Structure formats: structure tokens, C-alpha cells
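Heads up: the structure comes next, in C-alpha cells.
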Amino acid sequence: MLEGYVHPDFWRVAKTLERIIPTSSPGGAALCVYHRGEKVVDLWGGTRDEHGNRWESDTLSVSYSTTKGVASTLLHILVDRGLIDYDQPVARYWPEFAAAGKEHISVRQLMCHEAGLYSIRAVVDDASQMLDWNYMIDALANAAPIHPPGTAHGYHGLTYGWLVGELAQRVTGKPFGELLQSEIATPLELDGLYVGLPEDQMHRRARLMLPPGHDDPRRFQRTVRNAKRLNRGFAALRIPIDLAQGAEALLPPNMQDLDLNSEDTAAACIPALNGMFTARSLAKMYAALAGGGSLDGVYLLSNETLDRATQIQNRGIGRVIPVPMHWRLGYHRVAALGHRTPRAFGHSGYGGSGGWADPDRKLAVGLTLNSGVGTPFGDLRIVRIGAAACTAAERR
Numbered sequence: 106m107l108e109g110y111v112h113p114d115f116w117r118v119a120k121t122l123e124r125i126i127p128t129s130s131p132g133g134a135a136l137c138v139y140h141r142g143e144k145v146v147d148l149w150g151g152t153r154d155e156h157g158n159r160w161e162s163d164t165l166s167v168s169y170s171t172t173k174g175v176a177s178t179l180l181h182i183l184v185d186r187g188l189i190d191y192d193q194p195v196a197r198y199w200p201e202f203a204a205a206g207k208e209h210i211s212v213r214q215l216m217c218h219e220a221g222l223y224s225i226r227a228v229v230d231d232a233s234q235m236l237d238w239n240y241m242i243d244a245l246a247n248a249a250p251i252h253p254p255g256t257a258h259g260y261h262g263l264t265y266g267w268l269v270g271e272l273a274q275r276v277t278g279k280p281f282g283e284l285l286q287s288e289i290a291t292p293l294e295l296d297g298l299y300v301g302l303p304e305d306q307m308h309r310r311a312r313l314m315l316p317p318g319h320d321d322p323r324r325f326q327r328t329v330r331n332a333k334r335l336n337r338g339f340a341a342l343r344i345p346i347d348l349a350q351g352a353e354a355l356l357p358p359n360m361q362d363l364d365l366n367s368e369d370t371a372a373a374c375i376p377a378l379n380g381m382f383t384a385r386s387l388a389k390m391y392a393a394l395a396g397g398g399s400l401d402g403v404y405l406l407s408n409e410t411l412d413r414a415t416q417i418q419n420r421g422i423g424r425v426i427p428v429p430m431h432w433r434l435g436y437h438r439v440a441a442l443g444h445r446t447p448r449a450f451g452h453s454g455y456g457g458s459g460g461w462a463d464p465d466r467k468l469a470v471g472l473t474l475n476s477g478v479g480t481p482f483g484d485l486r487i488v489r490i491g492a493a494a495c496t497a498a499e500r501r
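Using my numbering, read the sequence shown as starting at 106 and increasing by one per residue.
Right, here's the structure in full:
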């Protein structure tokens with residue numbers, strides 16, 4: 106049973122949400138949609154933990170890679186302020202970054218995943234090290250690119266957050282989590298947009314409901330073996346895909362031991378992984394972007410900067426994810442079955458969450474949930490929600 110509000114024009118979106126909330130197992134979700142600057146869907150339902158406690162209006166949920174879209178928006182705001190230039194070297198703002206042949210990597214290359222710094226296994230010996238911001242910044246500053254920057258793109262599945270986050274910190278002198286509040290959450294009056302959850306907000310968390318055996322080390326071993334077998338098949342067919350690069354970027358050693366439900370992990374700042382959001386906050390942020398950079402008189406960034414940020418930078422198959430993502434600067438393409446979305450942009454996450462904006466339809470969507478797994482870019486749940494939202498917007 107859903108709670109909240111839905112405009113009659115968007116009732117099919119509500120029905121789609123109903124169908125993705127588990128009925129025979131724990132799990133819940135929240136969805137918010139804006140159209141032409143109006144909040145037309147604000148719904149939630151299901152359970153937020155294994156004990157059957159209801160998902161509440163203000164429930165926060167860890168949103169995996171959906172966090173990258175929020176982090177990217179923050180950086181674009183700093184570009185709009187004149188603090189960062191997309192085409193300047195990262196080392197101009199972060200001098201230590203110039204080590205190991207990285208002195209010419211530009212902010213643009215970093216944000217469209219062309220920097221060659223996607224290997225998390227090259228910078229950590231254990232996934233627990235990802236909780237230590239200073240360790241990660243030092244390790245990435247000293248890391249060498251896997252390929253010459255700008256010659257290929259590979260999804261920086263985990264490293265992206267620290268790279269972009271430290272850049273933001275260097276030019277402002279403020280912690281990343283504080284910047285999110287001052288530059289996005291407070292101006293837009295958002296009710297839940299955190300990377301590094303404060304102690305007084307811990308009670309609002311939904312717990313992830315992962316499938317049985319999901320954290321079994323044997324599962325990871327099987328994944329690696331299967332990737333090797335598929336690689337041999339790709340090589341025989343002369344298909345230039347190496348699935349081992351996916352493990353390099355997305356599976357740090359002992360990742361199965363990192364408890365994303367723990368308070369320590371929630372409190373850490375991992376801007377590519379552990380954002381804690383409400384769907385309402387995601388949708389409102391993207392609604393401002395769908396409206397050219399502002400909403401209800403609140404200015405985030407100029408339409409000119411937003412236009413530069415959302416231009417497609419590369420279209421081919423990447424080294425980590427063998428799917429063309431049409432990378433913008435920190436955002437990827439949006440899929441909505443049965444609908445063309447050539448200018449839509451956003452970011453989805455492994456657990457099914459996602460947030461995006463479509464300036465052509467003046468449409469914005471935010472989805473958070475706590476059950477099920479999919480690809481690194483969400484799954485069919487966010488695609489189905491997006492399709493229903495596009496249909497409703499077009500009919501309206």
C-alpha cells in the first residue's frame with residue numbers, strides 16, 4: 106500500500122511503483138516526480154528493514170552510484186562560480202595529483218571517465234580502506250593511469266567520488282558533505298541529501314535487503330571465473346571487451362565484508378557509493394536541472410554551464426562497462442522503454458535507485474529503494490518508472 110500524493114495525470118506511475126515494491130519479502134521504495142516544476146508524484150511504501158517497520162515519508166536509503174550524479178552537480182555549481190574550469194588540469198587545483206604522469210589530466214577527462222584511474226584494486230588492499238578519505242586521496246594522487254588519458258573511457262565506478270570530491274574540497278576549503286548542504290540541500294530546502302550521514306540522522310536509514318548469499322565470497326569467485334570464460338569467447342570472436350576491467354573498477358578486495366548497513370559505513374564520505382537520499386530530494390535537485398538550473402526562484406547554476414555539462418563526450422563501448430553510456434560530464438544517458446530521451450541525463454545505481462532530468466519534457470525523477478540488485482546503472486525498475494513518467498508527461 107502506497108502513501109503520499111499523486112496527481113491524477115500520473116496515476117500510472119503510481120501503479121508502476123506498486124508493482125516494484127516486494128509483497129512477499131521485506132523491502133520498500135519511494136518515488137518522486139516533477140513535471141514543469143510541479144511535484145506530481147510523492148509516494149512511498151513497503152518496509153525499511155527486515156523487521157517489517159514501514160517505510161516513512163522521510164526515510165533515507167543508500168543509493169550506490171546514484172550518488173555520482175549528486176556529486177557531479179555540486180562540481181558544476183563550482184564551475185558556474187568560476188572556481189573550476191572543465192578544460193584546466195586537475196593538478197592546477199590539486200597539485201599532488203600531478204604525480205605518476207597525471208599532470209595533464211583535465212577536469213573534463215575526469216568527469217567523462219577518460220582519466221584512466223578507474224582501478225580501485227590498484228589503490229586499496231581491502232575495501233575497508235575506502236572509509237578513510239585521506240588514505241584514498243593520497244592513494245589516488247599517487248596512482249598511475251591505466252591508459253593514456255583521453256584515449257579511452259572506462260567507468261570510474263568507485264574512484265570517481267574521491268576524485269571529484271577532493272577537487273571540490275580543494276577549491277572551497279570545505280568538507281564535501283558540508284558543501285552538499287550549503288550549495289544544494291539548503292538552497293532547495295531538501296529533506297535528505299547526505300554523503301557521510303550525520304549521527305542525528307542515522308535513525309532515518311532504510312536497511313539494505315540483499316538477496317541470500319549475496320555477500321558470500323564464493324559468489325565473487327564465481328563472478329571472476331565467469332568473466333574469464335566470457336573473455337575467452339570475446340577474444341575468439343574478436344570482440345574488444347575485457348570483463349576483468351569491470352572487477353578492477355567495481356570489486357575491491359574483500360568488498361563482501363564491507364557492511365553498507367553499518368553506522369561506520371553510513372558516516373563515511375564515499376561520493377560514488379554511499380549517498381543517503383530521499384527520492385524527494387533527488388527529484389527536486391533534478392527538477393532544477395530540468396528547468397535550466399533553477400526551481401521556484403532558487404538558482405543552482407546557469408543554463409549555459411548546464412548546457413556544457415550535459416553535452417555528450419563519448420559514445421563508444423567503455424573499458425569497464427561494455428555498453429555505450431553516452432557520458433556527459435558526470436551524467437549518463439537515460440533509458441525509458443518506448444520513449445526517445447536524447448537530452449535526458451542523470452545517474453542510476455546498483456541497488457536500483459536513480460535520479461534524472463529531461464529538459465525536453467521538463468521532467469525529473471527520483472527513485473530510492475532498499476531491496477534487490479541489478480547492474481551498476483540501476484535495473485529495469487528505474488527504466489519502467491521512467492517510461493511511465495514519460496508517457497504521463499506526454500499525455501499531459
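Even glycine gets a Cβ: it sits at the ideal position worked out from N, Cα and C. Only a predicted model underlies this, so the values are computations on that prediction, with no experimental measurement involved.
Per-residue burial, Tyr404 [other beta carbons within 10 Å of its own, 16 or more giving buried]: Burial is judged here by how many other beta carbons sit within 10 angstroms of a residue's own beta carbon; Tyr404 has fewer than 16 and is exposed.
Assign Tyr205 to one of two classes, buried (16 or more other C-beta atoms within 10 Å of its C-beta) or exposed (fewer than that). Checking the displayed sequence, the identity of residue 205 turns out to be Ala instead of Tyr. Result: exposed.
Ser367 classed as buried or exposed, judged by whether at least 16 other C-beta atoms fall within 10 angstroms: Label assigned to Ser367: exposed.
Reference Leu387, options Leu179, Pro131 and Leu107, closest by Cα: It is Leu179 whose Cα lies nearest to the Cα of Leu387.
Within 8 Å, do at least three Cβ pairs link the segment 447-454 to the segment 152-170? Yes: the two stretches touch, three or more of their Cβ pairs being nearer than 8 Å.
Please report the residue range of the alpha helix (DSSP H) in which Asp463 lies. From DSSP, Asp463 is part of no alpha helix (DSSP H) but of the beta strand (DSSP E) over Gly459 to Asp463.
Limits of the unbroken alpha helix (DSSP H) element including Ser170: Run containing Ser170: none; DSSP gives neither H nor E here.
Classify Trp149 as helix, strand or coil using the three-state DSSP reduction. In the structure shown, Trp149 sits in a strand (DSSP, three-state: E or B).
Are the CB atoms of Ala414 and Leu503 within a distance shorter than 8 Å? Here the chain comprises residues numbered 106 to 501, so residue 503 is not present and cannot be evaluated.
Can you tell me which of the three DSSP states Leu411 falls into? Leu411: helix per DSSP, three-state reduction.
Do you know how far the Cα of Ala196 is from the Cα of Thr256? Roughly 19 Å between the two C-alpha positions.
Specify the secondary structure class of Asp111 as computed by DSSP and reduced to three states. It is worth fixing the name first, because residue 111 is Val in this sequence and not Asp. Residue state, collapsed to three classes: strand.
May I have a chain-ordered list of the beta strand (DSSP E) segments no shorter than 3 residues that lie completely inside the segment 211-250? Segments of the beta strand (DSSP E) lying fully in the segment 211-250: there are none.
At which residues does the alpha helix (DSSP H) containing Thr277 begin and terminate? Where Thr277 is concerned, the enclosing alpha helix (DSSP H) stretches over Thr264 to Thr277.
Run through DSSP, which three-state label would Tyr299 get? Note: Tyr299 maps to strand in three-state DSSP.
In this structure, how does DSSP classify Tyr404 when only helix, strand and coil are distinguished? Tyr404 falls in the strand class under three-state DSSP.
Whole-Å CB distance - Arg501 paired with Asp114, under 8 Å assumed: At roughly 5 Å, the Cβ-Cβ gap stays under 8 Å, so Arg501 and Asp114 are in contact.
Check each candidate in Arg312, Glu288, Leu313 and Phe281 and name the one with the smallest Cα separation from Val300. The option with the nearest alpha carbon to Val300 is Phe281.
Give a yes or no on contact between the segment 236-255 and the segment 148-167, applying the rule of three or more CB pairs nearer than 8 Å. The segment 236-255 is not in contact with the segment 148-167.
Nearest-angstrom Cα separation, counted from His140 out to Ile375: Between Ile375 and His140, the C-alpha separation is close to 31 Å.
What separation, rounded to the nearest whole angstrom, lies between the Cα atoms of Arg420 and Pro427? Their backbone Cα atoms lie some 11 Å apart in a straight line.
Within the continuous alpha helix (DSSP H) that includes Ala395, where are the two ends? Run containing Ala395: Ala384 to Ala395, per the alpha helix (DSSP H) assignment.
Met360 in three-state terms, based on DSSP: Met360: helix per DSSP, three-state reduction.
To which residues does DSSP link Glu143 through a beta bridge? Answer by DSSP bridge pairing, in chain order: His140.
Unbroken beta strand (DSSP E) run spanning Thr473, endpoints: Note, Thr473: beta strand (DSSP E), Leu468 to Leu474.
Could you pull out every unbroken beta strand (DSSP E) segment of at least 3 residues lying fully inside the segment 430-459, listed in chain order? Correct list: 450-453.
Since Phe281 is in the alpha helix (DSSP H), which residue starts that stretch and which ends it? Residues Phe281 to Leu285.
What is the DSSP secondary structure of Arg500, counted as helix, strand or coil? Arg500: helix per DSSP, three-state reduction.
Tell me where the alpha helix (DSSP H) around Arg124 begins and ends. Taken as a continuous stretch (DSSP letters only), the alpha helix (DSSP H) holding Arg124 covers Trp116 to Ile125.
So what does Arg310 bridge to, in DSSP terms? Paired residue(s): Leu165.
Gly270 Cβ short of 7 Å to the ligand FMN heavy atom set: With respect to the ligand FMN, the structure shown offers nothing to examine, as it has no ligands at all.
For the 8 Å Cβ check, are there 3 or more pairs between the segment 464-472 and the segment 131-139? At 8 Å Cβ cutoff, the stretches touch.
Quick check on this structure: which residue in Gln214, Trp267 and Thr410 has the alpha carbon closest to the alpha carbon of Asp236? Note that residue 236 is Leu in the sequence shown, not Asp. The residue with the shortest Cα to Cα distance from Leu236 is Trp267.
Take Pro253 as the anchor and find which of Val146, Asn359 and Ile210 has the nearest alpha-carbon. The option with the nearest alpha carbon to Pro253 is Ile210.
May I have the straight-line CA-CA distance separating Asp147 from Gly109, to the nearest angstrom? Those two C-alpha atoms are separated by around 6 Å.
Between the C-alpha atoms of Glu353 and Ser129, what's the straight-line distance to the nearest angstrom? In this structure, the alpha-carbon of Glu353 lies about 36 Å from that of Ser129.
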